[in-house]
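**Q**
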Amino acid sequence: MAEEATGNALAPQGHGTGEVSAGTAVVSSDAVQNPGFPPHHHRVTDLDEKKAKRAERVTFTLFYLSVAGSLGAVLAYMFFPIETGELMQIRLHTMFVGIGMTLALLAIGIGAVHWGKSLMHDQEITEDRHPVASDEPTRQTSAEIFETADKESGFSRRTLVRNSLFGALIAFPLPGITLLRSLAPQDQDPVELLKHTMWKKGVRLARDTGGAGVGGAIKATDVTIGSVFHVVPENLGDAVDVLNEKAKAIVLLMRLDPQDLKEPEEKKSWSYNGIVAYSKVCTHVGCPVALNEQHTHHLLCPCHQSQFDVSDQAKVVFGPAKRPLPQLPITVDEEGYLIAQSDFQEPVGPSFWERVK
Amino acid sequence: MARANSNVRKSGRRHPLATVALVAIGLLVTGGAYAGFTQTSATADVDLQSPETIAAGQKLFAANCATCHGMNAEGVVGDSPADTSGPSLIGVGAASVNFQVGTGRMPLAFQGPQGMKREPQFNEQQTLELAAYVASLAPGPGLPDSQYLQGDGDVANGGTLFRINCAMCHNVAAAGGALTQGKFAPPLTGVAPTHVYEAMVTGPQNMPVFNDANISPQDKADIISYLKFIEEQPAVGGLTLGSIGPVAEGLFIWVIGLGIIVAFTVWITAKSN
Numbered sequence: 001m002a003e004e005a006t007g008n009a010l011a012p013q014g015h016g017t018g019e020v021s022a023g024t025a026v027v028s029s030d031a032v033q034n035p036g037f038p039p040h041h042h043r044v045t046d047l048d049e050k051k052a053k054r055a056e057r058v059t060f061t062l063f064y065l066s067v068a069g070s071l072g073a074v075l076a077y078m079f080f081p082i083e084t085g086e087l088m089q090i091r092l093h094t095m096f097v098g099i100g101m102t103l104a105l106l107a108i109g110i111g112a113v114h115w116g117k118s119l120m121h122d123q124e125i126t127e128d129r130h131p132v133a134s135d136e137p138t139r140q141t142s143a144e145i146f147e148t149a150d151k152e153s154g155f156s157r158r159t160l161v162r163n164s165l166f167g168a169l170i171a172f173p174l175p176g177i178t179l180l181r182s183l184a185p186q187d188q189d190p191v192e193l194l195k196h197t198m199w200k201k202g203v204r205l206a207r208d209t210g211g212a213g214v215g216g217a218i219k220a221t222d223v224t225i226g227s228v229f230h231v232v233p234e235n236l237g238d239a240v241d242v243l244n245e246k247a248k249a250i251v252l253l254m255r256l257d258p259q260d261l262k263e264p265e266e267k268k269s270w271s272y273n274g275i276v277a278y279s280k281v282c283t284h285v286g287c288p289v290a291l292n293e294q295h296t297h298h299l300l301c302p303c304h305q306s307q308f309d310v311s312d313q314a315k316v317v318f319g320p321a322k323r324p325l326p327q328l329p330i331t332v333d334e335e336g337y338l339i340a341q342s343d344f345q346e347p348v349g350p351s352f353w354e355r356v357k
Numbered sequence: 358m359a360r361a362n363s364n365v366r367k368s369g370r371r372h373p374l375a376t377v378a379l380v381a382i383g384l385l386v387t388g389g390a391y392a393g394f395t396q397t398s399a400t401a402d403v404d405l406q407s408p409e410t411i412a413a414g415q416k417l418f419a420a421n422c423a424t425c426h427g428m429n430a431e432g433v434v435g436d437s438p439a440d441t442s443g444p445s446l447i448g449v450g451a452a453s454v455n456f457q458v459g460t461g462r463m464p465l466a467f468q469g470p471q472g473m474k475r476e477p478q479f480n481e482q483q484t485l486e487l488a489a490y491v492a493s494l495a496p497g498p499g500l501p502d503s504q505y506l507q508g509d510g511d512v513a514n515g516g517t518l519f520r521i522n523c524a525m526c527h528n529v530a531a532a533g534g535a536l537t538q539g540k541f542a543p544p545l546t547g548v549a550p551t552h553v554y555e556a557m558v559t560g561p562q563n564m565p566v567f568n569d570a571n572i573s574p575q576d577k578a579d580i581i582s583y584l585k586f587i588e589e590q591p592a593v594g595g596l597t598l599g600s601i602g603p604v605a606e607g608l609f610i611w612v613i614g615l616g617i618i619v620a621f622t623v624w625i626t627a628k629s630n
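Chains A and B supply the protein sequences, listed in that same order. Residue numbering for the first sequence follows this note's numbering, starting at 1 and increasing by one per position. Residue numbering for the second sequence follows this note's numbering, starting at 358 and increasing by one per position.
And the structure:
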């Protein structure tokens with residue numbers, strides 16, 4: 001058969017010039033010989049007319065199925081309306097419209113591939129690449145067009161015009177770069193902002209009630225052993241940017257049996273009767289560390305499984321975090337409310353370049 | 358079942374189904390008696406203050422709990438962690454006992470990272486007797502007032518409180534989540550409101566305590582209402598895959614989703630025969 005003959009003989013079929021220069025490429029003399037095509041196998045549909053008919057039937061059935069899917073999606077839209085606003089109705093609507101549309105598109109795809117694989121001409125053929133470059137006269141013409149344009153516009157001759165255009169193009173992106181400044185807070189040193197929170201001497205510890213909300217202040221007597229409170233500064237509402245301030249100042253307040261607490265001498269005064277307050281911002285990448293185990297005294301960060309030991313200065317006992325959670329020094333005021341002694345003694349949250357400066 | 362029994366009993370003069378019938382009658386009588394018994398002695402009728410209840414509780418305690426918790430609930434300090442040592446129960450209150458025994462966590466089925474929920478070993482009457490005994494030792498959190506357990510509170514407020522205080526461990530859909538070293542926060546679906554309330558008050562196992570100064574009784578009722586709400590609400594998004602988030606969803610899409618794509622790719626590129 002003629003078709004098979006072309007399959008085995010891979011004579012170069014260049015376009016136009018035929019021989020293509022190798023350029024600077026190294027042409028190896030013992031290159032691997034082109035093995036040609038593997039022997040051609042006939043498909044069952046080529047040999048058996050019945051099988052071909054069957055493949056044909058499958059293909060057009062799939063296309064009809066696609067039509068049915070499309071119509072089904074339209075019908076589903078009508079029969080499962082979303083106007084009622086009922087959630088289960090919306091679920092059915094989405095499901096049946098989706099099934100219809102999936103069937104519509106998937107059946108076209110499967111049908112087309114099946115058609116191509118079983119019925120379309122399946123002889124392997126070779127087509128050489130076109131040369132990348134245009135032919136010589138075309139290139140000559142384009143070069144002439146460029147030269148003419150240069151001459152007529154004076155691009156090379158009027159250097160001042162040309163160079164000022166270059167200058168304008170270089171200056172154009174500058175405003176865009178300037179806009180990036182808005183990513184940092186205005187009139188404030190971002191490093192300072194990262195180093196300080198709203199906590200300062202005398203600020204009462206209050207309950208977090210979600211969002212920008214602040215619940216009541218917490219008395220030391222409210223915090224029974226084993227309790228955990230999610231805490232924000234009581235004056236959080238005074239902040240200009242409440243949520244940003246909250247993100248830095250969130251604290252987890254826990255009460256342990258004072259005997260369980262391991263505290264170095266200089267930090268003994270930072271807790272009150274076994275009540276300790278630690279920053280809730282993980283020192284790894286800043287997730288809220290709030291999974292508190294009452295008896296093991298471990299705090300687990302849900303993002304990357306860092307574990308901190310609350311009974312031992314929130315030191316890291318497992319996971320990718322490298323530093324303990326910063327402790328907020330606390331005490332009580334005359335009315336028995338828990339207050340901060342000062343801000344955190346180190347920046348909260350993950351590391352940043354200027355952290356230790 | 359009937360046939361297997363009849364084969365075994367073939368030699369006797371009894372009807373082949375006699376054994377089955379006997380077992381069935383026995384079960385019915387026992388079950389009926391048990392149902393009648395629990396109905397007559399259920400819940401609020403038990404007076405936690407009465408000396409009889411406390412005495413009954415003490416007997417149950419001595420028989421079932423004292424090995425680990427000590428004869429007077431003072432706790433047993435073991436020499437090694439493998440010892441059957443239990444903490445002191447003085448001052449844990451009736452709420453703690455009702456939670457631990459009522460959910461089947463106590464008596465402990467086996468030593469492990471944490472006590473597991475199972476079919477309760479004691480009925481409600483016995484559980485309350487035990488609770489009465491432990492509560493008589495020292496003051497502690499009592500059983501919750503039924504007005505907070507109706508699930509008719511402010512669902513929105515309950516949701517907010519749940520997300521702040523509970524969701525980090527129990528998952529925002531209350532589907533539970535993993536903790537460290539084999540411990541986990543259990544799913545809260547299907548948990549009785551009274552047990553949810555008691556867990557918040559007493560902080561069982563590694564759960565922290567949420568006392569009434571932290572979350573008021575009405576707030577606890579709101580949280581219970583929220584849990585009831587999300588449990589009853591149908592999943593409008595389709596398959597929830599356990600509501601446990603990216604792990605289940607990732608597994609599904611990597612195995613099923615990518616599997617389908619790979620299968621299609623293989624089919625498209627395979628030579629037709």
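Using N, Cα and C, we set each Cβ at its ideal position, and we do this for glycine too. Note that this is a predicted model, so its numbers are computed, not measured.
Is the number of C-beta pairs between the segment 412 to 425 of chain B and the segment 478 to 487 of chain B that are closer than 8 Å three or more?
**A** The answer is yes - the segment 478 to 487 of chain B touches the segment 412 to 425 of chain B, with three or more Cβ pairs under 8 Å.
**Q** Does the Cβ of W611 (chain B) have 16 or more other Cβ atoms within 10 Å, making it buried, or fewer, making it exposed?
**A** In the second sequence, counting from the first residue as 1, residue 611 (chain B) sits at position 254. Flag for W611 (chain B) reads exposed.
**Q** Could you tell me if W353 (chain A) is buried or exposed, where buried requires 16 or more neighbouring beta carbons within 10 angstroms of its beta carbon?
**A** Taking the first sequence and counting its residues from 1, the one referred to as residue 353 (chain A) is at position 353. Result: exposed.
**Q** Quick check on DSSP: helix, strand or coil for M557 (chain B)?
**A** Taking the second sequence and counting its residues from 1, one reaches residue 557 (chain B) at position 200. M557 (chain B): helix per DSSP, three-state reduction.
**Q** Curious, which full-length alpha helix (DSSP H) runs of at least 4 residues does the segment 536 to 596 of chain B contain?
**A** Within the segment 536 to 596 of chain B, the complete alpha helix (DSSP H) runs of at least 4 residues are 550 to 559, 574 to 589.
**Q** Can you tell me where the alpha helix (DSSP H) with P329 (chain A) in it begins and where it stops?
**A** Here the question's residue 329 (chain A) lines up with position 329 in the first sequence. No alpha helix (DSSP H) contains P329 (chain A), which DSSP labels as neither H nor E.
**Q** Please report the straight-line C-alpha distance between Q13 (chain A) and A620 (chain B), rounded to a whole angstrom.
**A** Here residue 13 (chain A) corresponds to residue number 13 of the first sequence, with the count starting at 1. Here residue 620 (chain B) corresponds to residue number 263 of the second sequence, with the count starting at 1. Confidence is the limiting factor: at Q13 (chain A) the pLDDT is only 45, short of 50, which leaves the residue's position unreliable and the question unanswerable from this model.
**Q** In the DSSP output, which residue or residues are listed as bridge partners for Y337 (chain A)?
**A** As a working mapping, residue 337 (chain A) is identified with position 337 in the first sequence. BP columns for Y337 (chain A) point to A:K219.
**Q** Sort out for me which residues DSSP pairs N292 (chain A) with in a bridge.
**A** As a first step, residue 292 (chain A) is located in the first sequence; it is residue number 292 there, counting from the start. In DSSP, N292 (chain A) forms a bridge with A:L299.
**Q** Considering just the uninterrupted stretch of the beta strand (DSSP E) at Q307 (chain A), what are its terminal residues?
**A** The residue given as residue 307 (chain A) occupies position 307 in the first sequence. It spans 307 to 309 - the beta strand (DSSP E) in which Q307 (chain A) sits, taken as one unbroken run.
**Q** Rank A:V203, A:L338, A:K248 by C-alpha distance to the C-alpha of N235 (chain A) and give the top, closest one.
**A** For this step, residue 235 (chain A) is matched to residue 235 along the first sequence. Checked all of A:V203, A:L338, A:K248; the closest Cα to N235 (chain A) is A:V203.
**Q** In three-state DSSP terms, what is G508 (chain B)?
**A** Here the question's residue 508 (chain B) lines up with position 151 in the second sequence. Of the three classes helix, strand and coil, the one that applies to G508 (chain B) here is coil, per DSSP.
**Q** Under a Cβ-count criterion, where at least 16 other Cβ atoms within 10 Å of its own Cβ denotes burial, should F60 (chain A) be classed as buried or exposed?
**A** Working through the first sequence from its first residue, we reach residue 60 (chain A) at position 60. Exposed is the call here.
**Q** DSSP three-state call for R162 (chain A): helix, strand or coil?
**A** As a working note, residue 162 (chain A) is residue 162 in the first sequence. In this structure, R162 (chain A) counts as helix in the three-state DSSP scheme.
**Q** Alpha carbon to alpha carbon, what distance is there between T537 (chain B) and V122 (chain A)?
**A** In the first sequence, the residue the question calls residue 122 (chain A) occupies position 122. In the second sequence, the residue the question calls residue 537 (chain B) occupies position 180. Correcting the residue identity first, residue 122 (chain A) is Asp in this sequence and not Val. Rounded to whole angstroms, D122 (chain A) to T537 (chain B) spans 60 Å at the Cα level.
**Q** Do L252 (chain A) and A212 (chain A) have their CB atoms nearer than 8 Å?
**A** Locating residue 252 (chain A) in the first sequence gives position 252, counting from the first residue. Locating residue 212 (chain A) in the first sequence gives position 212, counting from the first residue. In this structure, A212 (chain A) does not lie closer than 8 Å to L252 (chain A) by Cβ.
**Q** Note down the Cα distance separating L243 (chain A) from T517 (chain B), rounded to an integer number of angstroms.
**A** By one-based count along the first sequence, residue 243 (chain A) stands at place 243. By one-based count along the second sequence, residue 517 (chain B) stands at place 160. The alpha-carbon atoms of L243 (chain A) and T517 (chain B) are separated by roughly 16 Å.
**Q** Residues in the same chain with beta-carbon distance under 8 Å from A605 (chain B), minus the five sequence neighbours each way, listed in chain order, please.
**A** Counting from one through the second sequence, the residue named residue 605 (chain B) turns up at place 248. If we look at A605 (chain B) and ignore the five residues flanking it on each side, its Cβ neighbours are L598, G599.
**Q** Alpha carbon to alpha carbon, what distance is there between A107 (chain A) and P38 (chain A)?
**A** Counted from its first residue, the first sequence places residue 38 (chain A) at position 38. Counted from its first residue, the first sequence places residue 107 (chain A) at position 107. Going from the Cα of P38 (chain A) to the Cα of A107 (chain A) covers about 32 Å.
**Q** Pull out every residue of the segment 587 to 604 of chain B whose Cβ sits closer than 9 Å to any Cβ of chain A, in chain order.
**A** Those would be Q590, P591, A592, V593, G594, G595, in chain order.
**Q** According to a CB-to-CB cut-off of less than 8 Å, which residues of the segment 519 to 532 of chain B neighbour chain A?
**A** Those residues of the segment 519 to 532 of chain B that come within reach of chain A (Cβ to Cβ, closer than 8 Å) are R520, I521, N522, M525, C526.
**Q** For N292 (chain A), which residues in chain B fall below 7 Å Cβ to Cβ?
**A** Mapped onto the first sequence, residue 292 (chain A) falls at position 292. Those within 7 Å of N292 (chain A) in chain B are P565.
**Q** Is there contact between the segment 306 to 323 of chain A and the segment 375 to 382 of chain B, where contact requires at least three CB pairs shorter than 8 Å?
**A** Counting Cβ pairs under 8 Å, fewer than three are found: no touch.
**Q** Taking the alpha carbon of K50 (chain A) as the reference point, which residue from A:D312, A:L119, A:I225 has its own alpha carbon closest?
**A** Walking along the first sequence from the start, residue 50 (chain A) turns up at place 50. Measuring from the Cα of K50 (chain A), the nearest candidate turns out to be A:L119.
**Q** Measuring straight from C-alpha to C-alpha, what distance separates A452 (chain B) and I411 (chain B)?
**A** As a first step, residue 452 (chain B) is located in the second sequence; it is residue number 95 there, counting from the start. As a first step, residue 411 (chain B) is located in the second sequence; it is residue number 54 there, counting from the start. So the alpha carbons of these two residues sit roughly 15 Å apart.
**Q** Going along chain B in order, which residues have a C-beta closer than 9 Å to the C-beta of R43 (chain A)?
**A** Reading the first sequence from its first residue, position 43 is the one you call residue 43 (chain A). Chain B residues near R43 (chain A): K628, S629, N630.
**Q** Just grab the DSSP bridge partners of A277 (chain A) for me.
**A** Along the first sequence, read from residue 1 onward, the residue named residue 277 (chain A) stands at position 277. The partner list for A277 (chain A) (beta bridge, DSSP) reads A:L253.
**Q** Candidates B:S573, B:G448, B:D579: which alpha carbon is nearest P496 (chain B)'s?
**A** Position 139 of the second sequence, counted from the first residue, corresponds to residue 496 (chain B). Among B:S573, B:G448, B:D579, the Cα nearest to that of P496 (chain B) belongs to B:G448.
**Q** Could you check whether the segment 26 to 33 of chain A touches the segment 67 to 83 of chain A, counting it as contact only if at least three pairs of C-beta atoms, one from each stretch, sit closer than 8 Å?
**A** No, the segment 26 to 33 of chain A is not in contact with the segment 67 to 83 of chain A.
**Q** Is it right to say K628 (chain B) is buried, meaning 16 or more other beta carbons lie within 10 angstroms of its own, or is it exposed?
**A** As a first step, residue 628 (chain B) is located in the second sequence; it is residue number 271 there, counting from the start. Burial call: exposed.
**Q** Considering only residues of the same chain and omitting the five flanking positions on each side of S582 (chain B), which have a CB-CB separation below 6 Å?
**A** Residue mapping note: residue 582 (chain B) aligns to position 225 of the second sequence, counting from 1. Once the five neighbours on either side are set aside, the close Cβ partners of S582 (chain B) are G508, G510, V512, G515.
**Q** Hey, is G111 (chain A)'s beta-carbon within less than 8 Å of any beta-carbon in chain B?
**A** Numbered from its first residue, the first sequence carries residue 111 (chain A) at position 111. No, G111 (chain A) lies away from the interface with chain B (no Cβ there is under 8 Å from its Cβ).
**Q** Step through the CB atoms of chain B and report whether any lies within less than 8 Å of the CB of L300 (chain A).
**A** Reading the first sequence from its first residue, position 300 is the one you call residue 300 (chain A). Chain B, which has a Cβ nearer than 8 Å to the Cβ of L300 (chain A), makes this yes.
**Q** Enumerate in chain order the residues of its own chain whose CB-to-CB distance from G461 (chain B) is below 7 Å, with the five nearest sequence positions on each side excluded.
**A** Within the second sequence, residue 461 (chain B) is the residue found at index 104, counting from 1. So the qualifying residues of the chain are K474, R475, E476, P477, Q478.
**Q** So, under 8 Å CB-CB, P561 (chain B) and Q457 (chain B) are touching, yes? Tell me the CB distance rounded to an integer number of Å.
**A** Residue mapping note: residue 561 (chain B) aligns to position 204 of the second sequence, counting from 1. Residue mapping note: residue 457 (chain B) aligns to position 100 of the second sequence, counting from 1. Correct: roughly 6 Å between the Cβ atoms.
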